[in-house]
Amino acid sequence: MSFEGHMTIGGKPVTADDWVTVPNPAHLSSVVGRFPSGSAAHAGMAVEAAAAAFPDWRATPVEERGALLTRASAVLAEPPGDWVSLLTAENGKLLSESAIDFAVAGQNIATYASHPEWLESRIIDDARGRLVVRRQPLGVCVGIVPWNFPLIIASLKIGPALLAGNTLIIKAPEFGPLATLQALGEMASLLPPGVLNIVSGSGPEIGRALVTHPGVRKVSFTGSTETGRQVMADAAGHLARLSLELGGNDAAILLDDVDLSEQAIERLVTGAFMHTGQICIDIKRLYVHDSRYAELVEKLSAAVDQIVVGDGTRPDVTMGPINNSRQYEKVTKLLAETKAAADWVQLGRYAEGTDVADGYFMLPHLVLDPADDMDVVANEQMSPILPIMKFSSDDEAVTRANGTEYGLASSVWSADQERAFALADRLEAGMTFINAHSIFALHPDGPCGGAKQSGHGYEITEEALDSYTQLQSITNTHI
Numbered sequence: 001m002s003f004e005g006h007m008t009i010g011g012k013p014v015t016a017d018d019w020v021t022v023p024n025p026a027h028l029s030s031v032v033g034r035f036p037s038g039s040a041a042h043a044g045m046a047v048e049a050a051a052a053a054f055p056d057w058r059a060t061p062v063e064e065r066g067a068l069l070t071r072a073s074a075v076l077a078e079p080p081g082d083w084v085s086l087l088t089a090e091n092g093k094l095l096s097e098s099a100i101d102f103a104v105a106g107q108n109i110a111t112y113a114s115h116p117e118w119l120e121s122r123i124i125d126d127a128r129g130r131l132v133v134r135r136q137p138l139g140v141c142v143g144i145v146p147w148n149f150p151l152i153i154a155s156l157k158i159g160p161a162l163l164a165g166n167t168l169i170i171k172a173p174e175f176g177p178l179a180t181l182q183a184l185g186e187m188a189s190l191l192p193p194g195v196l197n198i199v200s201g202s203g204p205e206i207g208r209a210l211v212t213h214p215g216v217r218k219v220s221f222t223g224s225t226e227t228g229r230q231v232m233a234d235a236a237g238h239l240a241r242l243s244l245e246l247g248g249n250d251a252a253i254l255l256d257d258v259d260l261s262e263q264a265i266e267r268l269v270t271g272a273f274m275h276t277g278q279i280c281i282d283i284k285r286l287y288v289h290d291s292r293y294a295e296l297v298e299k300l301s302a303a304v305d306q307i308v309v310g311d312g313t314r315p316d317v318t319m320g321p322i323n324n325s326r327q328y329e330k331v332t333k334l335l336a337e338t339k340a341a342a343d344w345v346q347l348g349r350y351a352e353g354t355d356v357a358d359g360y361f362m363l364p365h366l367v368l369d370p371a372d373d374m375d376v377v378a379n380e381q382m383s384p385i386l387p388i389m390k391f392s393s394d395d396e397a398v399t400r401a402n403g404t405e406y407g408l409a410s411s412v413w414s415a416d417q418e419r420a421f422a423l424a425d426r427l428e429a430g431m432t433f434i435n436a437h438s439i440f441a442l443h444p445d446g447p448c449g450g451a452k453q454s455g456h457g458y459e460i461t462e463e464a465l466d467s468y469t470q471l472q473s474i475t476n477t478h479i
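Take 1 as the starting number for the sequence shown in the UniProt record's numbering and just add one per residue.
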């Protein structure tokens with residue numbers, strides 16, 4: 001497979017002088033394709049195109065914008081099979097996970113498109129006169145998406161931004177952007193030119209040029225906390241609005257009355273190892289009551305041992321490789337340090353015929369009761385390495401779960417719903433799940449956002465529109 005991607009600016013395909021080769025993380029000797037490395041000049045072109053399209057798009061009735069978005073969302077909801085294969089080839093995830101990326105992205109945009117009433121004005125008529133409070137669009141917005149679920153995350157920016165009447169520039173991920181460029185470029189062709197623009201390149205080059213551009217009114221960034229801090233500093237120069245969905249070090253707390261049924265164990269495996277553990281909303285720390293610790297480790301080990309690692313296109317494979325060289329080097333070092341300082345167990349197996357040296361492969365590992373100050377516990381791993389710690393009381397579990405700078409998501413596992421909800425109320429996280437923990441546990445009507453160093457602002461639901469609109473009060477009141 002050799003695919004040549006292109007940017008889409010002002011409704012036209014755009015390339016660059018410099019190109020970046022995309023390897024297959026499951027077959028490093030194979031090249032998936034290449035994409036243009038956009039520059040600061042391309043960032044300026046994209047802002048100009050989006051700014052030129054803004055007046056007409058803003059003036060388009062919201063119902064018509066919604067109808068156009070509904071039609072465009074079908075590109076993602078019903079993608080050609082080769083797009084799904086392309087995403088797996090460049091990203092490393094399973095074909096089923098790539099299909100989810102497309103399907104959920106299409107659903108997200110269609111959901112926003114179906115709610116024009118979220119933008120209705122508030123009108124008050126009384127003895128003082130008339131007050132009209134309207135949600136007005138901001139102008140040119142920028143969405144920066146990561147490599148793990150680029151289409152889903154892009155959709156959470158496209159839906160609210162475009163429904164509200166803004167125009168948008170999506171910066172595709174630095175690693176594996178080909179499917180994103182192709183799919184969103186096709187989607188852009190179904191909208192007026194310049195309403196949706198897609199660029200590619202490095203974060204320090206084109207990404208930073210977009211964030212610092214004075215014509216950009218809003219930046220929505222999804223990525224690491226470290227980069228999020230830089231984005232915030234860069235956007236402050238022209239007071240651009242900001243939404244940040246950053247790293248997480250999600251804790252799952254299993255209470256003494258937890259149900260360790262086969263279904264619960266399957267949910268734990270999904271929550272920790274889906275997409276090779278490379279999802280922000282993944283279980284990164286597992287706290288288990290000491291009375292259930294041995295049972296949990298035994299049952300979870302048996303389930304994790306069934307994981308088959310290899311090329312995500314193979315039907316017998318249940319976990320793909322690490323996405324890129326930078327992440328692979330980071331987690332390989334983390335694993336070596338962890339093995340030297342704590343008890344651990346390596347589980348799963350490689351699919352027959354897998355050339356382990358030709359991919360960024362790693363078998364799943366459980367780390368048994370490591371100290372809280374170890375890197376594998378204290379920081380987000382984004383890997384198939386799961387630390388499992390003991391606790392003896394609910395208070396201890398809450399204190400240790402909250403003992404991090406992150407606060408994206410968390411979960412409480414208990415047979416007693418009232419007890420679980422009460423403990424969840426004490427956790428410092430933007431989202432807390434009960435007896436589940438994965439992207440499948442997100443409620444369609446629940447805002448998605450982090451606490452503490454995991455960001456601010458919200459995606460999903462009506463709350464996301466707050467950061468893509470400006471309230472305007474119009475009144476003829478005379479006092």
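Even for Gly, the Cβ is constructed at its ideal location relative to N, Cα and C.
Boundaries of the beta strand (DSSP E) around M431: 431–434. F273 carries a helical assignment under DSSP once its states are collapsed to helix, strand and coil. The C-alpha of Y360 lies about 19 Å from the C-alpha of E380. Closest by C-alpha distance to A236, out of T227, G223, G247, V211, is V211. For M7, the pairing in a beta bridge is given by DSSP as V14. Taking 9 Å as the cut-off, the Cβ atoms of V331 and G320 do not count as close.
Beta-bridge analysis with DSSP links D126 to G129.
Residue environment for Q182: buried (at least 16 other C-beta atoms within 10 angstroms of its C-beta).
Nearest C-alpha to S410 among A422, D425, Q417, T432: T432. Distance from the CA of C141 to the CA of E329, rounded to the nearest whole angstrom, comes to 34 Å. Cβ contact annotation for T404 (same chain, cutoff 6 Å, sequence separation greater than five): N249, in chain order.
Only residues of its own chain outside the window of five on either side were considered, and among them I279, I281 have a CB closer than 7 Å to the CB of I439, listed in chain order. DSSP places M319 in the strand class (E or B) of the three-state scheme.
If you look at D234, you'll find it in the alpha helix (DSSP H) that goes 225–236.
Secondary structure at M374: coil, using DSSP grouped into helix, strand and coil. Counting C-beta pairs closer than 8 Å gives fewer than three between the region 246–260 and the region 117–125, which falls short of the contact rule. For V104, the enclosing alpha helix (DSSP H) has its first and last residue at 95–113. In the three-state scheme derived from DSSP, where H, G and I count as helix and E and B as strand, S325 is classed as helix. Positions of the beta strand (DSSP E) runs, each at least 3 residues long and wholly inside the region 140–210, are given as 140–144, 167–171, 196–199 in order along the chain. In this structure the region 417–436 touches the region 446–454; the number of beta carbon pairs closer than 8 Å is three or more. For L335, the secondary structure class from DSSP, reduced to helix, strand or coil, is helix.
Per DSSP, reduced to three states, the secondary structure at K390 is strand. DSSP assignment within the region 338–374 yields the following whole beta strand (DSSP E) runs of 3 residues or more, N-terminal first: 343–346, 365–368. Buried is the label assigned to S383, since at least 16 other Cβ atoms lie within 10 Å of its Cβ.
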